[in-house]
Amino acid sequence: MKFISIDIETTGLCEKSCQVIEVAAVIDDALEPMGCPPEFHCYVTHPIIQGEPYALSMHAEIFKRMAAREEGHRYEYPESVGPLFGHWLGLNSHWRVGDKWTVTGKNYAGFDDRFLRCLPYWNCDGLLRHRVLDPGSLYFDPRFDTCLPDTKECMKRAGLEGEVAHTALEDAKVVAKLIQHYYRGKP
Numbered sequence: 039m040k041f042i043s044i045d046i047e048t049t050g051l052c053e054k055s056c057q058v059i060e061v062a063a064v065i066d067d068a069l070e071p072m073g074c075p076p077e078f079h080c081y082v083t084h085p086i087i088q089g090e091p092y093a094l095s096m097h098a099e100i101f102k103r104m105a106a107r108e109e110g111h112r113y114e115y116p117e118s119v120g121p122l123f124g125h126w127l128g129l130n131s132h133w134r135v136g137d138k139w140t141v142t143g144k145n146y147a148g149f150d151d152r153f154l155r156c157l158p159y160w161n162c163d164g165l166l167r168h169r170v171l172d173p174g175s176l177y178f179d180p181r182f183d184t185c186l187p188d189t190k191e192c193m194k195r196a197g198l199e200g201e202v203a204h205t206a207l208e209d210a211k212v213v214a215k216l217i218q219h220y221y222r223g224k225p
């Protein structure tokens, strides 16, 4: 099963008062290795940044990169992200018209999707299924857990090395690895 791992970074937890500042996605397959899977990544630029202090402090490196317009990265206005993402997804889809992608993401349905729908022209309903595969559900152990494990705990249970980067592209890749590990038994 092919899937798309989507992750975002934001300036806080409330989609009405905070902003999306980074969007990334990785297309992969739960059963068959894809080698070099297609990636989408961009920073979302705003004339004024508003958000919550903790989230703003977490993303200091992103803001430095955006302010300096470091080369090798894509910087887009909010109204461009949805059309560019849809175009990228179309270019990387080898399916029949009407087929939809299964989204994987850590808390995608409860967080990322809400924020992405606030972006102008984000209209992916025709491309993405409503049901989402969350690695927390896969690595949940009802014998010990009282809530779904976070990404770091999922990585530990899967035997994956590393830290949670809190950057959209790296986190999307980690979620893809967690899905692959769960279904293939190895990263």
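If you use the numbering used here, the sequence shown corresponds to residues 39 to 225, in order.
Idealized CB from N, CA, C, for every residue including glycine.
The structure displayed is predicted, hence computed values, not measured ones.
Whole alpha helix (DSSP H) elements within the segment 109-195, 4-residue minimum: Complete alpha helix (DSSP H) runs here, min 4: 116-129, 151-154, 173-176.
Extent of the continuous alpha helix (DSSP H) to which E208 belongs: DSSP places E208 in the uninterrupted alpha helix (DSSP H) bounded by 206-222.
Given C162 as reference, the closest of E191, L186, L122 once Cα atoms are compared: Cα-wise, what sits closest to C162 is L122.
Other residues of its chain near M104: CB distance less than 8 Å, five sequence neighbours each side excluded: Excluding positions up to five away in sequence, the list reads I59, Y81, T83, Y113.
Contact the segment 41-53 vs the segment 139-147: 3+ CB pairs below 8 Å: With the cut-off at 8 Å, the segment 41-53 and the segment 139-147 touch.
Unbroken stretches of the alpha helix (DSSP H), 4 residues or longer, contained in the segment 71-111: Within the segment 71-111, the complete alpha helix (DSSP H) segments at least 4 residues long are 91-96, 98-106, listed from N- to C-terminus.
DSSP beta-bridge partners of M60: Residue identity differs from the one stated: residue 60 is Glu in this sequence, not Met. DSSP output for E60 lists E47, Y81 as bridge partner(s).
Given D151 as reference, the closest of D67, E99, D137, H168 once Cα atoms are compared: With distances taken between Cα atoms, D151 lies closest to H168.
Beta bridge counterpart(s) of K40 as assigned by DSSP: In DSSP, K40 forms a bridge with D67.
T142 classed as buried or exposed, judged by whether at least 16 other C-beta atoms fall within 10 angstroms: With 16 or more other CB atoms across the displayed protein chains lying within 10 angstroms of its CB, T142 is buried.
Length of the line joining the Cα atoms of C52 and N130: One Cα belongs to C52, the other to N130, and the distance between them is close to 31 Å.
Outcome for P180 when other beta-carbon atoms lying within 10 angstroms are tallied against a minimum of 16: With a threshold of 16 other beta carbon atoms within 10 Å, P180 falls short and is exposed.
Same chain only: Cβ atoms within 8 Å of S175, ignoring 5 sequence neighbours per side: Excluding the 5 residues flanking it on each side, S175 has same chain C-beta neighbours closer than 8 Å at L186, in chain order.
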